[in-house]
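Protein sequences, first through last, are from chains A and B.
Residue numbers for the first sequence follow our numbering, so the first one is 28 and each next one is one higher.
Residue numbers for the second sequence follow our numbering, so the first one is -8 and each next one is one higher.
Yeah, the Cβ is synthetic: ideal placement off N, Cα and C, and Gly gets one too.
Remarks on the structure that follows.
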Amino acid sequence: MDEVYTKLDLTKTANAVLEPVVVFENVSLRFDGPPVLDDVSFQIAPAETRILLGPSGVGKSTLLKLANGLLRPDSGRIYLFGQEITHMSEEELLHLRIRTGMVFQEGALFDSLTVRDNVGYQLMERHVDVTEVDRRVHEALRFVELEHTYDMLPGSLSGGMRRRVAIARAIIDQPQLILYDSPTGGLDPVTSTTIIELIIKERDAYGTPALLVTHRLQDAFTMATHKYDANEGKMTPLPQGQTNVNTSFLVLHQGKIVFDGSTEALVASQDPFIQQFLA
Amino acid sequence: MPFALDKFDGLAKRMILSVQEYSLFCWQGVSNLVRAPHYWGDVLNQADLIGVGSLPIVVLTGFFTGGVLALQSAASLAQFGAQAYTGRFVSLSMIRELAPVLTGLMVSGRNASGMASELGSMVVTEQIDAMRALGTDPMKKLVTPRMLATVVMLFLLTIVSDTVGTAGGAFVAVFISAQNGTQYFTSAYQALVYADIAQGLTKPLFFGFIIATVGCYFGMKTTGGTQGVGRSTTQAVVVSSVLIIFSDFILSRALLWIFSGF
C-alpha cells in the first residue's frame, strides 16, 4: 500500500501544474425561496478527494449535480475537465459526463434491469462486445465484493448492496472523476463502514479525483484517517496524527462554503458553526 | 393587483408555460427520430407492450361497440323498413369515428397512465438523472421509442378495432336481429369509400402521438415523490383523453373538408 501511496503523492506533485478537474467560480442557484447556493467557489485537483460536509437540506446534492451539469447555475461558472459547462448543450454534456462516475443517494439503479445490465449499462450503450462487458462487469462486481449478485434484480438487494452495485456501475469505465451523493445515507453503521471502505479502496487503488457529499462526520473522518491495505484486503488506520494528504474538506452552510481546507484546519477551525457542527 | 386577478394571472402564466414546455418536448421527441443514436430495440419492446398488450381490450371494446351499434340501429331502422342498412350504419360509424376514438381512449387509459407512472417513478428515484449521468439522453432512450411505437401500434389497433367492430355488428345482426349475413356485409362494404378509410386511419396517427407525448411529458415532469407519481398518472389520462376528443372534432372537420372532393 505504501507503494500506492508513494505513487499517489507523486501523481499529486506531477498534477500540481495540471489544471483542476472541477472548478466552481462564484456559482449561485435558487429555486423558489432563498438561494440554495450563494457565490460558491472551490476546486478539485487531480487525484484529490474532497468531502463536502453540511447539515441535511443545505444544498449538498444540488452542488454535486451542478458539477456534472445535471443542473445549471443561475450565475457563475463551472468548469469540468477544463471545459466550461455552464452554457454547454445537453448533447455536449452527455459526452463529457461519460468521463465521470456518479453514485446517487439511494443508488438509483434501473429497477427493470439486472445487476449485470446496470453495471455494464455504459458499456452496452457504446455497443462494447458482450464478452468484454461480462468481463468488466465481473471485475467491477469483484471490486465491491458482490459477484454473486450478477443475475439479480435491484429489488432483491439490500440498501447497502444497492449502493455497492452503484459504486461498481460508477467505476466500471474508469472515470476521471467520481461524485458520491451521500453514499452511506440511511444505512446502518456496519454497512456504512463497508461502503466507506470501498470508497477508500477506490481512492487509494486508482487515485480517481472525487467529490463526496455527506452529513455523517464519522464517515468523513474515517476517509481522512484511514488507508486501504491491499495486503490485508481491508482499510487500516493511518498512524496517530496523520491524515490522508489527498483528502480535504468543504463545509456548506446557508448556501455558502464556510470552510475549504485540510482535516487539521477543519478540526482547528474557530468558526462557531463548524465548532457546533463538529461537536 | 387584486388577489383574484393575481391568482388568475399566475394560473394563466403557468398554463402558457406548460403549453410551451409541452411543445418543446414534442419537438425534441420528433427531432430525435432523425438524430443518432436510435434505440430500435426499445421501439420493438414498446410496440409489444403497447400494441400486443392492448389487443385484448381493443378487441373487446371494438366487438361490443359494433354489437351495440347494430342492436340500436337495427331497432331504429326497422321503423322505416330500412333494417337492411344496419351493416352500412355500423361500418361507417366504426371506421370513420368510433374505432379510432374508442381505441385511442382505451390505449390512453392503459398506456398514457403506464408511461406517466413508469417515467415518473424513474424521475423520483433519480433513475433519469442516473441515465443522464451515464451519458444517455432519456428523451432518445425513453420518449422517442414510446412515441414511435404508440403511433404505429395505434394505427394497427384501429384496423383491428374496425374489423372486430364490423364483426360484432354482424354477430348481432345475424343472431339477434335475424338479418341475412350476406346482406349485412354487402351493405357494410358498399357504403365505404376511400375517404372513409383515409379519415379513419389518419386519426390514430394523431391520437397515438397525443397519448405518448402527454404520458411521457407528465411522467418526465413529475415532482413530489410517490404522491407526485399518482398525480402525474391521473393528469396524463385526463389530459390525453380530453385532447383525443378535442382533436377528433378538429380532425373530423379538417378531414371532411380535405376529402370532400373524393
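Considering only the alpha carbon of each residue, which of the options lies closest to residue i?
i, options, result
"arginine 79 (chain B)", "B:Leu196, B:Gln70, B:Gly57", "B:Gly57"
"phenylalanine 108 (chain A)", "A:Leu45, A:Asn53, A:Glu152, A:Ser68", "A:Leu45"
"leucine 110 (chain B)", "B:Val10, B:Gly221, B:Ala(-5)", "B:Gly221"
"glycine 128 (chain A)", "A:Ile78, A:Tyr255, A:Leu204, A:Glu259", "A:Leu204"
"serine 209 (chain A)", "A:Asp66, A:Asp287, A:Leu150, A:Leu238", "A:Leu238"
"alanine 203 (chain B)", "B:Tyr30, B:Ala65, B:Thr52, B:Ala107", "B:Ala107"
"threonine 241 (chain A)", "A:Ala232, A:Tyr233, A:Leu277", "A:Leu277"
"threonine 173 (chain B)", "B:Gly160, B:Ser152, B:Lys194", "B:Gly160"
"arginine 77 (chain A)", "A:Ser185, A:Asp178, A:Asp200, A:Leu279", "A:Leu279"
"glutamate 133 (chain A)", "A:Asp144, A:Leu123, A:Pro82, A:Ile194", "A:Ile194"
"lysine 131 (chain B)", "B:Ala3, B:Cys207, B:Phe54", "B:Cys207"
"aspartate 153 (chain B)", "B:Ala73, B:Asp239, B:Val92, B:Arg244", "B:Val92"
"glycine 182 (chain A)", "A:Leu244, A:Leu168, A:Pro216, A:Thr141", "A:Thr141"
"valine 157 (chain A)", "A:Arg143, A:Lys261, A:Leu168", "A:Arg143"
"tyrosine 30 (chain B)", "B:Ser251, B:Ser243, B:Val165, B:Met138", "B:Met138"
"phenylalanine 137 (chain A)", "B:Leu125, B:Ser99, B:Gly95", "B:Leu125"
In the DSSP output, what is residue i paired with across the bridge?
i, result
"alanine 237 (chain A)", "A:Thr76, A:Ile205"
"histidine 280 (chain A)", "A:Lys283"
"methionine 262 (chain A)", "A:Tyr255"
"glycine 288 (chain A)", "A:Phe276"
"phenylalanine 51 (chain A)", "A:Phe69, A:Ile105"
"glutamine 63 (chain B)", "According to DSSP, which records beta bridges pairwise, glutamine 63 (chain B) is partnered with nothing at all."
"glutamine 110 (chain A)", "A:Leu107"
"leucine 1 (chain A)", "An answer regarding residue 1 (chain A) cannot be provided, because it is not within the stretch 28 to 306 covered by chain A."
Give the secondary structure of residue i by DSSP, where H, G and I count as helix, E and B as strand, and everything else as coil.
i, result
"methionine 188 (chain A)", "helix"
"glutamate 30 (chain A)", "Reliability fails at glutamate 30 (chain A), whose pLDDT of 39 lies under 50, so the model's placement of it is uncertain and the value that follows must be treated cautiously. Helix at glutamate 30 (chain A)."
"asparagine 171 (chain B)", "coil"
"phenylalanine 137 (chain A)", "coil"
"phenylalanine 257 (chain B)", "Because chain B spans -8 through 253 in this model, residue 257 (chain B) falls outside it and cannot be assessed."
"phenylalanine 71 (chain B)", "coil"
"lysine 39 (chain A)", "Confidence at lysine 39 (chain A) is low in this model, with a pLDDT of 42, below 50, so the placement of that residue should be treated as unreliable; the coordinate-derived value is given next. Looking at lysine 39 (chain A) - three-state DSSP - the assignment turns out to be helix."
"valine 44 (chain A)", "In this prediction, valine 44 (chain A) has a pLDDT of 49, which is less than 50 and means its spatial position is unreliable; nothing more can be read from the coordinates."
"glutamine 269 (chain A)", "coil"
"glycine 58 (chain B)", "helix"
"glutamate 172 (chain A)", "coil"
"leucine 46 (chain B)", "helix"
"proline 210 (chain A)", "coil"
"isoleucine 199 (chain A)", "coil"
"proline 216 (chain A)", "helix"
"lysine 212 (chain B)", "coil"
"glutamate 229 (chain A)", "helix"
"arginine 153 (chain A)", "coil"
Identify the continuous beta strand (DSSP E) that holds residue i and give its terminal residues.
i, result
"arginine 104 (chain A)", "102 to 107"
"glutamine 70 (chain A)", "64 to 71"
"methionine 129 (chain A)", "127 to 130"
Would you give the residue range spanned by the alpha helix (DSSP H) that residue i belongs to?
i, result
"threonine 94 (chain B)", "90 to 98"
"asparagine 36 (chain B)", "31 to 38"
"valine 233 (chain B)", "216 to 249"
"leucine 121 (chain A)", "117 to 124"
"isoleucine 301 (chain A)", "299 to 305"
"alanine 27 (chain B)", "Counting along the chain, alanine 27 (chain B) falls outside any alpha helix (DSSP H), and DSSP gives it neither H nor E."
"lysine 87 (chain A)", "87 to 94"
"proline 136 (chain B)", "135 to 166"
"serine 84 (chain B)", "77 to 84"
Let me check you understand the geometry: is the CB of residue i closer than 8 Å to at least one non-hydrogen atom of the ligand ATP?
i, result
"leucine 239 (chain A)", "In the structure shown, the ligand ATP is absent, as is every other ligand, since no ligand is present at all."
Are any of the Cβ atoms in chain E nearer than 9 Å to that of residue i?
i, result
"methionine 188 (chain A)", "This model lacks chain E altogether, as its protein chains are A and B."
Identify each residue in the stretch 96 to 123 of chain B for which the Cβ-Cβ distance to at least one residue of chain A is less than 7 Å, and report them in chain order. Thr116, Glu117, Gln118, Asp120, Ala121, Arg123
Between the stretch 123 to 142 of chain B and chain A, which residues of the former have CB atoms less than 7 Å from a CB of the latter, in chain order? Arg123, Ala124, Leu125, Gly126, Thr127, Asp128
Check distances from the C-beta atoms of the stretch 148 to 182 of chain A to those of chain B and list, in chain order, the residues that come in under 7 Å. Tyr148, Gln149, Glu152
Interface positions of the stretch 72 to 99 of chain A facing chain B (Cβ-Cβ less than 8 Å), listed along the chain: Within the stretch 72 to 99 of chain A, the qualifying residues are Lys92, Asn95, Leu97.
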